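Working notes for the structure below.
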Amino acid sequence: MIFALQSVGVAQQFIYSWLYPAPKKSNHPIKLGVLSSAHINAASGEEQRCLPCFSQSHMLFPQVIYPSQTHPDVILYAIASRDAKTAQKAARKYGFLKSYGAYEDLLDDPAVDVVYISVPNGLHFEWAVKALSANKHVLLETPLTSNTIEAKKLVDKFERTGKVLMEAMHWQFHPAAHFFRGIVDSGKYGKIVKTYARITNSPTTPAGDFRWQYDLGGGSLMDGSYVVSFTRYALGADVPVEVVSAKARPAKHDPRVDAAMEATMLFQTKEGYNIHSGIYTDMERGWAMGIVPRLWELPAIEVEMEKATIYFYNAMMPHVYHYIAITDKVTGKTRYEKHYVDGPEWKDRGKPYWSSYRYQLEAFVDKIRRKNPPHWIAHRDSVAQMQTIDEIYHKSGLAIRPTSVQAAA
Numbered sequence: 000m001i002f003a004l005q006s007v008g009v010a011q012q013f014i015y016s017w018l019y020p021a022p023k024k025s026n027h028p029i030k031l032g033v034l035s036s037a038h039i040n041a042a043s044g045e046e047q048r049c050l051p052c053f054s055q056s057h058m059l060f061p062q063v064i065y066p067s068q069t070h071p072d073v074i075l076y077a078i079a080s081r082d083a084k085t086a087q088k089a090a091r092k093y094g095f096l097k098s099y100g101a102y103e104d105l106l107d108d109p110a111v112d113v114v115y116i117s118v119p120n121g122l123h124f125e126w127a128v129k130a131l132s133a134n135k136h137v138l139l140e141t142p143l144t145s146n147t148i149e150a151k152k153l154v155d156k157f158e159r160t161g162k163v164l165m166e167a168m169h170w171q172f173h174p175a176a177h178f179f180r181g182i183v184d185s186g187k188y189g190k191i192v193k194t195y196a197r198i199t200n201s202p203t204t205p206a207g208d209f210r211w212q213y214d215l216g217g218g219s220l221m222d223g224s225y226v227v228s229f230t231r232y233a234l235g236a237d238v239p240v241e242v243v244s245a246k247a248r249p250a251k252h253d254p255r256v257d258a259a260m261e262a263t264m265l266f267q268t269k270e271g272y273n274i275h276s277g278i279y280t281d282m283e284r285g286w287a288m289g290i291v292p293r294l295w296e297l298p299a300i301e302v303e304m305e306k307a308t309i310y311f312y313n314a315m316m317p318h319v320y321h322y323i324a325i326t327d328k329v330t331g332k333t334r335y336e337k338h339y340v341d342g343p344e345w346k347d348r349g350k351p352y353w354s355s356y357r358y359q360l361e362a363f364v365d366k367i368r369r370k371n372p373p374h375w376i377a378h379r380d381s382v383a384q385m386q387t388i389d390e391i392y393h394k395s396g397l398a399i400r401p402t403s404v405q406a407a408a
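Take the sequence shown: its position 391, counted from the start at 1, is 390 in numbering that gives the first Met the number 0, and no numbers get skipped.
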């Protein structure tokens with residue numbers, strides 16, 4: 000379902016790019032560089048173009064390209080690929096001023112202020128460190144790294160430099176997420192009893208995609224790490240007290256890779272009571288009755304409380320479509336809410352057509368400009384996210400994703 004959802008998001012942002020023209024840029028805008036305009040083939044190390052519908056350059060449009068085009072203080076300065084022609088094509092298509100046929104060449108450009116890194120998970124640590132060495136700020140795709148060891152080392156390196164590093168957990172920046180959290184925290188519906196979050200791919204993640212490669216940090220839980228984020232965000236928690244159970248469905252081609260993961264975690268609140276939280280991720284979710292894609296299974300989290308059940312539908316990309324359903328346990332009646340603007344964190348800042356990526360970029364620029372962003376993904380949160388993922392893998396019997404040579408040194 001995720002690929003279909005992302006494609007809808009791309010189409011939506013293309014439409015918005017026509018309806019809402021780009022604003023005039025500031026006199027000294029932040030220059031953005033992008034690493035990767037196509038997927039990496041794990042076997043050859045070369046970029047592949049066998050997945051045109053879901054190529055990295057295609058998905059970069061809603062993630063950074065359109066948000067940058069509509070931000071008055073950011074310009075699309077440079078894009079790098081391991082193939083010069085691929086980079087040139089992307090630069091012409093999206094309006095980058097420069098293109099490079101090597102990631103290192105982009106990092107060597109002193110004019111680049113910020114690097115958005117969207118290479119496979121297993122390469123996050125290496126290229127984030129290289130960007131830091133080149134004196135760049137970094138917006139790094141989620142999950143932050145392959146494992147906790149890398150996450151702690153990466154955070155330590157950045158905190159000693161004063162440069163900005165943030166994990167791109169974009170969904171948390173959308174007003175709908177803040178309204179959802181506000182409902183849960185309001186006290187109106189009593190204490191949290193339990194939670195359940197899911198994220199599935201139906202149709203399945205294509206064969207050959209890096210998400211199936213263990214050495215590149217692949218796996219269903221890694222790709223669907225949003226469910227861990229949904230859960231921890233709803234609870235306001237760091238790491239679980241315990242991963243009670245975890246069961247993986249290994250990939251047929253490599254038993255180290257989880258095609259699906261189901262787990263139950265035990266969290267403890269600040270008040271001292273326990274909450275059981277279930278999660279489910281699946282990269283090859285079968286079609287209903289074998290013929291119908293499960294297009295209705297958008298990423299979601301359900302929070303059962305003492306007096307009501309709160310259901311946040313499409314929490315991952317709420318700007319495309321979402322609703323928050325509040326079902327009263329006594330009356331059985333359900334009230335629906337939708338929020339695309341305003342809210343407890345953004346107030347009156349933002350536009351109804353802004354995507355979660357656009358809100359995220361707004362906060363990221365604030366941080367670089369030494370302003371106080373309305374919302375932020377702290378380093379501690381990203382490390383706790385990675386620790387939780389590692390603990391689930393350990394409980395399932397699968398190895399955590401491998402530590403890179405650079406991090407192990």
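We put the beta carbon where it would ideally sit given N, CA and C, even for glycine. A quick note: this is a predicted structure, and the numbers were derived from the prediction, not measured.
### Message
According to DSSP, simplified to helix, strand and coil, what is residue 333?
### Response
As a working note, residue 333 is residue 334 in the sequence shown. Looking at residue 333 - three-state DSSP - the assignment turns out to be strand.
### Query
Does DSSP put residue 146 in a helix, a strand or coil?
To locate residue 146, count along the sequence shown from 1; it is residue 147. Residue state, collapsed to three classes: coil.
### Query
Roughly how many angstroms separate the alpha carbons of residue 401 and residue 124, rounded to a whole number?
The residue given as residue 401 occupies position 402 in the sequence shown. The residue given as residue 124 occupies position 125 in the sequence shown. Each residue's alpha carbon lies about 12 Å from the other.
### Message
Quick check on the burial criterion: 16 or more other C-beta atoms within 10 angstroms. Buried or exposed for residue 49?
### Response
Start at 1 with the first residue of the sequence shown, and residue 49 comes out as number 50. Summary for residue 49: the model assigns pLDDT 32, below 50, so the residue's position carries little reliability; its value from the coordinates is reported in the next sentence. Answer is exposed; the Cβ neighbour count stays below 16.
### Query
In chain order, what residues of the same chain lie with their CB nearer than 7 Å to the CB of residue 150, ignoring the 5 residues before and after it?
Along the sequence shown, read from residue 1 onward, the residue named residue 150 stands at position 151. Closer than 7 Å at Cβ, skipping near neighbours: 143, 144, 381, 382 and 385.
### Task
Please list the segments of the beta strand (DSSP E) lying wholly inside the segment 249-324, counting only runs of 3 or more residues, in order along the chain.
257-267, 273-281, 299-304 and 307-312
### Task
Rank 283, 396, 99 and 326 by C-alpha distance to the C-alpha of residue 305 and give the top, closest one.
Along the sequence shown, one-based indexing puts residue 305 at 306. Of the listed residues, the one whose Cα sits closest to residue 305 is 326.
### Task
Could you tell me the boundaries of the beta strand (DSSP E) in which residue 166 lies?
For the purposes of this step, residue 166 is taken as the residue at position 167 of the sequence shown. Counting along the chain, the beta strand (DSSP E) containing residue 166 begins and ends at 164-166.
### Query
Hey, out of 260, 251, 257 and 160, whose CA is closest to residue 134's CA?
Taking the first residue of the sequence shown as 1, we reach residue 134 at position 135. Nearest of 260, 251, 257 and 160 to residue 134, Cα basis: 160.
### Query
Taking just the CA atoms, how far does residue 237 sit from residue 146?
Position 147 of the sequence shown holds residue 146. Position 238 of the sequence shown holds residue 237. Rounded to whole angstroms, residue 146 to residue 237 spans 16 Å at the Cα level.
### Beta bridge counterpart(s) of residue 99 as assigned by DSSP
Looking up residue 99 in the sequence shown gives position 100. In DSSP, residue 99 forms a bridge with 79.
### Which of helix, strand or coil DSSP assigns to residue 242
Sequence index remark: in the sequence shown, residue 242 carries index 243 (1-based). Strand at residue 242.
### Message
Given this structure, state the Cα-to-Cα distance separating residue 373 from residue 165, to the nearest angstrom.
### Response
Counting from 1 along the sequence shown, the entry for residue 373 is found at position 374. Counting from 1 along the sequence shown, the entry for residue 165 is found at position 166. Roughly 14 Å separates the two Cα atoms.
### Query
By Cβ distance below 7 Å, which residues in the same chain neighbour residue 344 in space, the five residues on each side in sequence not counted?
Counted from its first residue, the sequence shown places residue 344 at position 345. Result list for residue 344: 177, 373 and 374, in chain order.
### Message
If distances are taken between C-alpha atoms only, which option among 120, 137 and 330 comes closest to residue 32?
### Response
As a first step, residue 32 must be located in the sequence shown, where it is residue number 33. Minimum Cα distance to residue 32 is reached at 137.
### Query
If you check the beta carbons only, do residue 76 and residue 60 fall under 8 Å apart?
What you label residue 76 is simply residue 77 of the sequence shown in a count that begins at 1. What you label residue 60 is simply residue 61 of the sequence shown in a count that begins at 1. No. Outside cutoff.
### Message
Under 8 Å: do the segment 276-286 and the segment 200-212 share three or more Cβ pairs, one atom per stretch?
### Response
yes
### Message
Please return the same chain residues whose Cβ sits closer than 7 Å to the Cβ of residue 340, not counting the five positions on each side in sequence.
### Response
Counting from one through the sequence shown, the residue named residue 340 turns up at place 341. Result list for residue 340: 174, 349, 350 and 351, in chain order.
### Message
I'd like the list of long-range same chain contacts for residue 242, defined as Cβ closer than 7 Å, with 5 residues on each side in sequence excluded.
### Response
Mapped onto the sequence shown, residue 242 falls at position 243. Closer than 7 Å at Cβ, skipping near neighbours: 262, 264, 390, 391 and 394.
### Query
What are the boundary residues of the alpha helix (DSSP H) that includes residue 136?
Along the sequence shown, read from residue 1 onward, the residue named residue 136 stands at position 137. Where residue 136 is concerned, there is no enclosing alpha helix (DSSP H), although the beta strand (DSSP E) it sits in stretches over 136-139.
### Message
Within the continuous alpha helix (DSSP H) that includes residue 29, where are the two ends?
### Response
Reading the sequence shown from its first residue, position 30 is the one you call residue 29. That residue, residue 29, is in no alpha helix (DSSP H); its beta strand (DSSP E) goes 29-34.
### Task
Name the two residues that bound the continuous alpha helix (DSSP H) containing residue 376.
As a position in the sequence shown, residue 376 is number 377, starting the count at 1. Premise fails: residue 376 is in no alpha helix (DSSP H) and is neither H nor E.
### Query
Are the segment 303-322 and the segment 187-197 in contact at 8 Å, needing three or more beta carbon pairs?
yes
### Query
Helix, strand or coil for residue 364 per DSSP?
One-based indexing of the sequence shown puts residue 364 at position 365. In this structure, residue 364 counts as helix in the three-state DSSP scheme.
#### Entry: Residue from 98, 272, 168 and 219 with nearest C-alpha to residue 250
For the purposes of this step, residue 250 is identified with residue 251 of the sequence shown, where counting begins at 1. Answer by Cα proximity: 219.
#### Entry: Member of 69, 28 and 157 whose CA lies at the smallest distance from the CA of residue 17
Counted from its first residue, the sequence shown places residue 17 at position 18. Taking only the C-alpha atoms, the option nearest residue 17 is 69.
### Query
From 335, 297, 273 and 215, pick the residue whose C-alpha is nearest to that of residue 404; which is it?
Residue numbering aside, residue 404 sits at position 405 when the sequence shown is read from its first letter. Residue 404 has its Cα closest to that of 215, out of 335, 297, 273 and 215.
### Task
Give the straight-line distance between the Cα atoms of residue 89 and residue 78, rounded to the nearest whole angstrom.
Residue numbering aside, residue 89 sits at position 90 when the sequence shown is read from its first letter. Residue numbering aside, residue 78 sits at position 79 when the sequence shown is read from its first letter. Cα-Cα distance, rounded: 8 Å.
### Message
Does the beta-carbon of residue 407, which I'm using as the reference point, lie nearer than 7 Å to any heavy atom of the ligand FMN?
### Response
The model on display carries no ligand, and the ligand FMN is accordingly not part of it.
#### Entry: DSSP bridge partner residues for residue 327 (one or two, in chain order)
Position 328 of the sequence shown, counted from the start, is the residue given in the question as residue 327. Its beta-bridge partners are 307.
### Task
Round the Cβ separation of residue 110 and residue 190 to the nearest angstrom and send it over; I've been treating them as touching at under 8 Å.
Numbered from its first residue, the sequence shown carries residue 110 at position 111. Numbered from its first residue, the sequence shown carries residue 190 at position 191. Incorrect: roughly 53 Å between the Cβ atoms, too far for contact.
### Query
Where residue 407 and residue 120 are concerned, what is the direct C-alpha to C-alpha distance, given to the nearest angstrom?
Locating residue 407 in the sequence shown gives position 408, where the first residue counts as 1. Locating residue 120 in the sequence shown gives position 121, where the first residue counts as 1. If you take the alpha carbons of residue 407 and residue 120, they lie about 16 Å apart.
### Query
In chain order, what residues of the same chain lie with their CB nearer than 8 Å to the CB of residue 234, ignoring the 5 residues before and after it?
Along the sequence shown, read from residue 1 onward, the residue named residue 234 stands at position 235. If we look at residue 234 and ignore the five residues flanking it on each side, its Cβ neighbours are 191, 194, 266, 268, 274 and 276.
### Task
Taking all protein chains shown into account, decide if residue 208 is buried (16 or more other Cβ within 10 angstroms of its Cβ) or exposed.
Sequence index remark: in the sequence shown, residue 208 carries index 209 (1-based). Under this definition residue 208 is a buried residue.
### Query
Among the residues of its own chain, which have a CB less than 8 Å from the CB of residue 156, if the five just before and after it don't count?
For this step, residue 156 is matched to residue 157 along the sequence shown. So the list reads 128 and 131, once near-sequence residues are dropped.
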